[in-house]
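Sequence lines, in order, name chains X and L.
Just so it is clear: in the first sequence, position 24 is 23 by numbering that gives the first Met the number 0, and no numbers are missing.
Just so it is clear: in the second sequence, position 352 is 351 by numbering that gives the first Met the number 0, and no numbers are missing.
We put the beta carbon where it would ideally sit given N, CA and C, even for glycine.
Model, not experiment: these values are computed from the prediction.
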Amino acid sequence: MIQEILVLLTFILALTFLVKKYFWPQKKSKSACGISDCGCTK
Amino acid sequence: MSKQINVALVGNPNTGKTSVFNNLTGLNQKVGNYPGITVDKKEGSIKLSRNLKAHILDLPGTYSLNATSLDENVVIELLMNKKDKDYPDVVVVVSDIENLKRNLLLFTQIKDLGLPTILAINMADRMERKGIELDVEGLEKRLNTKISLISARKGTGFDGLKQQIANYQNLSTKPCLQASEIDTEYFGALRKAYPNQDLYKLWLVITQDVNFGTTKRNEIQTQNGFTPKSTSDLKRLQQKETIKRYQFINETLKATLTKDLALAKGLRATLDRILIHKVWGYVIFVAILFLIFQTIYEWSAYPMDLIDESFLKLSEFVTSTLPPGMFTDLISEGIIPGIGGIVIFVPQIAFLFLFISILEETGYMSRVVFLMDRIMRKFGMSGKSVVPLISGTACAIPAVMAARNIESWKERLVTILVVPFTTCSARLPVYLIIIALVIPDERWLGLFNYQGITLMLLYLLGFATAVLSGWLASKVLKIKFKSYFVVEMPDYKMPILKNIAFTVFEKTKSFVVGAGKIILAISIILWVLASYGPTDDFDNAEEIVTNNIETENLTQEEIDTKIASYKLKNSYIGHAGRAIEPVVTPLGYDWKIGIAIISSFAAREVFVGTLATIYSVGSEDEQTIKKRMAAETNPVLGGPLFTFASGISLLLFYAFAMQCMSTLAIVKIETGTWKWPLIQLFGMSGFAYVVAFLAFQILK
């Protein structure tokens, strides 16, 4: 029974990893030198 | 308490910046990605004194602060963004003693950002041999900086450089020259409109060709009644700035550097005459490729067998040590064979990167780019397309991004469309296992291994298809514009072993770790789908098999194999596989290969891991991956499944099919529409299907 639960958990973990990787990829960094709120300020 | 400062290593390509980074950090380094993009982020740390540590960031090579590519953007974004956690306390500009004039353009730009900057002049050990004399003190005064003469090759001068970094607070932040002098009226108005901002940074933001992250260059021109200049006027001003900088650099070097030209000539010219010769250049290049692929096969056979056996033993160990049950089976039949399916190729991948990095380190790769440019132009593509096509042999994703430095949109699009045809490292495991199964391990003329020849032909096929399809696409898209092509030819150098070792280690590690995570996840999912079934046929497999077949003359092992086979056929994956079987049978494949092909649409390298997992499920007889695949029989034709015909069909399918979700995603980002990635997906995969079908039908 414990082994079955471990299999299920591992399966969910693997599925979540793939879905996250391919369907919700990391967004592009927002940190940049902008105009209004930028690092260009002296 | 110990303080940590940020140090950015910046420099032109080919100045030995990475060697300097390796010398400074040793093994205290790691390679990651900049958030959201696939540009390598190399960082490391060193202890400068008891209370001072330095976090060193090796930024991508750039010729100036006028970005034309994404990796150049990375440099500019960091140097302009004070809020970035890596914003440098001090910048070390790495330059090459023989190309100081060109390197100083970037130095003067960075100096004008008001950052404490050190000039590290690399390859100083060659000064005497090249007849170069440098007045270091004079140059320091003129550039308002501190200079370190270093040699990454010999490891000299680094104590002095570290000392200068530690004393960063004493460095002058005075600019080299005032860029505003190129148009005082315009810069005066700009200063009035944005009184709180640094003028030179503002100018850089306005004149960039590409927007960085949240920066919108048009916004800056329409605020506070500021009169904007047209793009062409801005370009003219930019040219004026560059000319002004070179005038300053020329004057500075005239007073501080002398070069005896008689001593500077030698080996380079002689080697270039041969290596970029219009006939011998190509002959030598093909011969080098030939030798590389032969050697890859010769050298990696032993470590590969060792890895294969080790994973087999690990599976056996897990089975005998852990308590019996589904989770133990998942580890021994799913996870270990799946991961083993990728680790086994580490020796061959490492050897490939070893040779590529030797070619790069010696300066030969730039000659190859130059040679290939001649061919590319005949096929209607830009010379600049060569770089993405060559870097596509590692991975199509950075190669697609490398196409950003092609000015013409149409030429850039053609390059993006054809880059996935070049043989990326993800195809390598598929090629290697299929070649090992269907091409005899024999020698042509008693010298050249057929397997090595086949691998080389597949690389050439990929490149030839990319070039031919580029020609076709350029005709369809009616390309008229032609861009110029400039490539830097660095001096020939003896490769630095440390650099090669780092490159091989990093590239191999990133391949195994990057692909490994996906393969691990897919192996787990496939194992679960292969170990459970939707109907009673799966649950009652043992009973059904024993009742329905004649088992009297069979050994227990044979009966177990029949039960395992029946269960697999009625599992979730078996149902899915059999549904697609009619589509893959004409290509000479069974449903298991069909499943492996589908799963490798996520990433090609998953193919071998998938087959290793599917073939392992329920198998009591532990075997190596190669033996398992060799033992498979064709359900329709009988005989071995992996024959010469089905093997060639599979190799051609993988050579042409578009099977990489990450590449499709990056093409969508780069082109701004799903139209082009979908054309690639269906066009390339459809072509692959037709070619694989023809190959199997002709050869079977």
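Residue i classed as buried or exposed, judged by whether at least 16 other C-beta atoms fall within 10 angstroms
| i | result |
| --- | --- |
| residue 320(L) | exposed |
| residue 230(L) | exposed |
| residue 169(L) | exposed |
| residue 42(L) | buried |
| residue 493(L) | exposed |
| residue 31(X) | Model confidence at residue 31(X) stands at a pLDDT of 39, short of 50, so the residue's coordinates are unreliable; what they give is reported in the following sentence. So residue 31(X) ends up on the buried side. |
| residue 606(L) | buried |
| residue 512(L) | exposed |
| residue 400(L) | buried |
| residue 214(L) | Residue placement at residue 214(L) cannot be trusted, given a pLDDT of 45 that sits under 50; the coordinates are not used to answer. |
| residue 638(L) | exposed |
| residue 748(L) | Chain L is shown from 0 up to 699; residue 748(L) falls before or after that span and cannot be answered. |
| residue 308(L) | exposed |
| residue 49(L) | exposed |
| residue 500(L) | exposed |
| residue 59(L) | buried |
| residue 652(L) | buried |
| residue 115(L) | buried |
| residue 22(X) | exposed |
| residue 395(L) | buried |
| residue 246(L) | exposed |
| residue 552(L) | exposed |
| residue 390(L) | buried |
For residue i: DSSP bridge partner residues
| i | result |
| --- | --- |
| residue 146(L) | 118(L) |
| residue 89(L) | 6(L) |
| residue 443(L) | 447(L) |
| residue 574(L) | Answer is none; residue 574(L) lacks a bridge partner. |
| residue 48(L) | 51(L) |
| residue 94(L) | 120(L) |
| residue 639(L) | 632(L) |
| residue 57(L) | 8(L), 41(L) |
| residue 131(L) | 258(L) |
| residue 659(L) | 602(L) |
| residue 155(L) | 150(L) |
Contact with chain X by residue i, beta-carbon distance below 8 Å
| i | result |
| --- | --- |
| residue 596(L) | no |
| residue 572(L) | no |
| residue 520(L) | yes |
| residue 527(L) | yes |
| residue 524(L) | yes |
| residue 5(L) | no |
| residue 209(L) | In this prediction, residue 209(L) scores a pLDDT of 49, lower than 50, which makes its location untrustworthy; no coordinate-derived value is stated. |
| residue 37(L) | Reliability fails at residue 37(L), whose pLDDT of 43 lies under 50, so the model's placement of it is uncertain and no value is given. |
Rounded Cβ spacing between residue i and residue j (contact assumed at less than 8 Å)
| i | j | result |
| --- | --- | --- |
| residue 587(L) | residue 645(L) | 3 Å |
| residue 279(L) | residue 287(L) | No, residue 279(L) and residue 287(L) are not in contact; Cβ-Cβ is about 12 Å, not under 8 Å. |
| residue 344(L) | residue 431(L) | 6 Å |
| residue 10(X) | residue 417(L) | Incorrect: roughly 39 Å between the Cβ atoms, too far for contact. |
| residue 117(L) | residue 145(L) | 5 Å |
| residue 464(L) | residue 420(L) | 4 Å |
| residue 468(L) | residue 530(L) | With a Cβ gap of about 42 Å, residue 468(L) and residue 530(L) do not count as contacting. |
| residue 15(L) | residue 151(L) | 5 Å |
| residue 612(L) | residue 336(L) | 6 Å |
| residue 112(L) | residue 200(L) | 6 Å |
| residue 45(L) | residue 77(L) | Wrong, their Cβ atoms sit about 19 Å apart, outside the cutoff. |
| residue 604(L) | residue 341(L) | 6 Å |
Any chain L beta carbon closer than 8 Å to residue i
| i | result |
| --- | --- |
| residue 6(X) | yes |
Closer than 7 Å: residue i CB and nearest the ligand ADP heavy atom
| i | result |
| --- | --- |
| residue 577(L) | The model depicted lacks the ligand ADP and carries no ligand whatsoever. |
* To do: Please name the residues in the region 325–351 of chain L whose beta-carbon is closer than 8 Å to at least one beta-carbon of chain X, in chain order.
  => Residues passing the 8 Å Cβ filter: 325, 326, 327, 329.
* According to a CB-to-CB cut-off of less than 9 Å, which residues of the region 645–660 of chain L neighbour chain X? -> When C-beta distances to chain X are compared with 9 Å, the residues of the region 645–660 of chain L below that value are 660, in chain order.
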